[in-house]
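If you count by the working numbering, then the first sequence holds residues 94 to 648, one letter each, in order.
Cβ atoms here follow ideal geometry from the backbone N, Cα and C, with glycine treated the same way.
Since the structure is predicted, the reported quantities are computational estimates derived from the model, not experimental observations.
Take a look at the structure below.
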Amino acid sequence: MPAELPESYYLDNVLILFRHIETVYGDILDPTQSRFLQDFAGLPAASQRLVIRLLNRSGERFRCGKLEYPEIGPIAAALPALEQAGFIEIPTRPALAEVIPLFTRAELLKHHPQRKKLQSLKRPALNDQLIHDDDETYVRQLFAQEQFIRVLQQETYQIFQMMFFGNRNQSMTDFVLRDLGLQQYEPYCIDASSRPYTSQQEVQQHWQLYQIQQQLEHTEAADLNGWLDLFATIPQHLPRHSPLFGKSERLRLVIARQIERIGELDLALNLYSQCRLPPARERKARIYQRQRRFSTSLSICRDILDQPLEESETQFAIEFSARLARRHNLPPFPEHKISPTKKPQTIELTLPKSDQVEQAVVEHYQRQPGTHACYYLENSLFKGMLGLLLWDVIFAPVPGAFYHPFQYRPSDFYDFDFIAKRKSLVDQVFAQIHDIVDIWQIVQVRWQQKAGRMNPLVNWNALTLDIIEQALQRIDTAHWLVIFQRMLRDLRNHCSGFPDVLQLPAAGGYQLLEVKGPGDRLQKNQQRWMQFFAAHDIPHGVVKVCWQAEDGSKT
DNA sequence: ACCTCACACGCAGCA
DNA sequence: GCTAGCTGGG
DNA sequence: TGCTGCGTGTGACCCAGCTAG
Ligand SMILES: [Mn+2]
Ligand SMILES: [Mn+2]
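What follows is the structure in structure tokens.
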């Protein structure tokens, strides 16, 4: 039941955002930014509204006659102040290429002398043709009665939003979604002094990283120099644990990977050496193998095993080095002579074809008299339970964690030291938990208090209190706790890969089952959970599904 | 939804 | 006329 | 042949209206 918004909603929101920028960033605004805010404040209301309407849209050029906003009234009256203050430009004769796309096909063809001939062209070709022709009398006729405007300051407006949100993925829409009640945020405390950027340089660097990210998408796969040029523009020497560093590393890895695909292996090795984060070392080991430099490849694996950054790195180094040694008759690492990967127990089911293989398996078990209940939960169960238990830890007012009201998680949630920073709070929660009833007490209350509010671990649509209650009745306290501990060791990498299905046999107990359709296999993170379950006597297995042959036809 | 990210699927390359 | 895809809007 | 890696597709608020084809 969405709430109604006041007519002035978009201006209200922008004023909140601008005010926030002024208070939080007063010391680091550049002249363009300061002037924007100052000039905007001096505009009449209708002009403020219009320019925000325009800035919130995607293009920069508009036909005035096509603009209609009842809350603004006559557009023409709002324009002079905007032109005066440098928020719009009113070109006397706009470039054809810029404005032809603003017309519909019908409008373009209506008065064209050769409309019959142009009729067959597709829209992009029609644009090109008309721009190329640049027919004086046609254009004059087309532009008669038309006034064009170009909105300026788009970039500054976008930068303000980035400065407010700390990213470019959120926007003014987030205000609306919240106010409509479509998104509920936890009302955490925002430390008045905390902000995502501490200098104009950081702002510019983050902006630049987004620009590079965009350019990556427009770079031809085989354009070696294009990729290398972009790599060279990525800011270096960013602080090791800043968000900007992470983004810069990801861009470097993407480019290095592309160079690898192109086949410039030595170049790729060089680029990977400039990356600190996984999977840089894994990629290097693979490249050395391709180059048949087996001992170098093995020594990279050695490095990884000595100082792994993630469990996935360790898993890679163990399996890859063992394979390499076996295939090429080299001495394996002594500590990994015996392959530690035990395969989980697998059962096969032949089921009638359905859309979703997981759903088919759930329905199969639900039909079995030996099954009490069966749910397709994947990551939602354990993530959700942990998120509910640690609610107050996640939203604790740690300095710098929250800087605007639209965060569904603290800014440092995936940092390696997230838990360490909140250790005493985490310990307090787990100190209260001795058995299932303790978990139920906390979770059940939390569910009532917080239902629907966003939390990085809780997917409200996938769970019900009833499912949670049943899961708690079946899964041992020790199992819950040991799974939570593993998740907390690495929130980024250990909160996925859970088995698809929770099956509750009528006889008691439970099973975590990963469903595999034909041609699907356990992923790496799923394997790691299975190994972990085996080590901790947590009942688990794989269900391999074959589709039943359809009656009559089909293979 | 912040640093998109889960997951399944299907093809190709390799001992 | 119909519809898929996009944009704008709350 | 079986194993493995790699690349890709598909979700992500929801609706109305316009446009191209
Ligand atoms: Mn799954
Ligand atoms: Mn599965």
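Rounded distance between the beta-carbons of residue j and residue i, thought under 8 Å
i    : j    : result
L391 : L423 : 7 Å
Y469 : R585 : Contact doesn't hold; Cβ gap of about 24 Å is too wide.
D272 : L98  : 6 Å
P371 : E406 : 5 Å
L302 : S341 : 6 Å
G590 : P437 : Wrong, their Cβ atoms sit about 13 Å apart, outside the cutoff.
T249 : Q126 : 6 Å
Three-state secondary structure assigned by DSSP to residue i
i    : result
F155 : strand
E607 : strand
S646 : Only weak support exists for where S646 lies, its pLDDT of 41 falling under 50; the value from the coordinates is given anyway. Here S646 sits in coil by DSSP.
Y365 : helix
K436 : coil
Q276 : coil
R186 : coil
Q525 : coil
P425 : coil
I121 : coil
A466 : strand
Q620 : helix
N106 : helix
I327 : coil
A96  : coil
Q461 : coil
S101 : coil
L444 : strand
H633 : strand
N586 : coil
L595 : strand
I242 : strand
W553 : coil
V232 : helix
I181 : strand
Residues of its chain near residue i, where Cβ-Cβ distance is below 6 Å and the 5 sequence neighbours each way are ignored
i    : result
G645 : Caution applies to G645, whose pLDDT of 41 falls short of 50 and renders its modelled position unreliable; the value that the coordinates give is listed next. For G645, where only same-chain residues beyond five positions count, there are no Cβ hits under 6 Å.
V450 : V608, G610 and V638
K209 : none
I631 : H572
T570 : D528 and I529
E353 : A361
Residue i vs residue j beta-carbon contact at 8 Å
i    : j    : result
L358 : F387 : no
P549 : R502 : yes
W484 : R420 : no
F324 : I355 : no
A564 : L595 : yes
L201 : L214 : no
L597 : T464 : yes
V454 : V636 : yes
G602 : R546 : no
E191 : R154 : yes
E182 : L143 : no
L556 : L474 : yes
E279 : F511 : no
E471 : D593 : yes
I242 : W300 : no
H204 : Y162 : no
V51  : V530 : This structure does not reach residue 51, given that the chain is present from 94 up to 648, and the question cannot be answered.
A378 : F413 : yes
R288 : Y458 : no
R621 : E404 : yes
A373 : L346 : yes
D284 : F499 : no
K476 : C394 : no
8 Å Cβ shell around residue i - same chain, five flanking residues per side excluded
i    : result
K159 : L195
I193 : L201, N220, L223 and I224
Q641 : T443, L444, P445 and K446
L136 : V144, A174, L175, A178 and F180
V296 : I121, I252, M255, M256 and Y290
Same chain, Cβ closer than 7 Å to residue i, neighbours up to 5 away in sequence not counted
i    : result
Q306 : L344
R156 : L195, E239 and F241
L211 : L202, H205, L219 and Q222
Check: residue i C-beta below 7 Å from any heavy atom of ligand 3
i    : result
E471 : In the structure on display, ligand 3 does not appear, and the ligands it does have are ligand 1 and ligand 2.
*Determine, using beta-carbon pairs with one atom in the stretch 550-559 and one in the stretch 515-535, whether at least three such pairs fall under 8 Å.*
no
*With a cut-off of 8 Å, do at least 3 Cβ pairs link the stretch 252-259 to the stretch 97-117?*
yes
*asked:* Tell me whether the stretch 471-486 and the stretch 523-541 touch, counting them as touching only if at least three CB pairs, one residue from each stretch, are closer than 8 Å.
replied: yes
*asked:* Does the stretch 163-182 come into contact with the stretch 137-151, if we say contact requires no fewer than three beta-carbon pairs (one atom in each stretch) closer than 8 Å?
replied: yes
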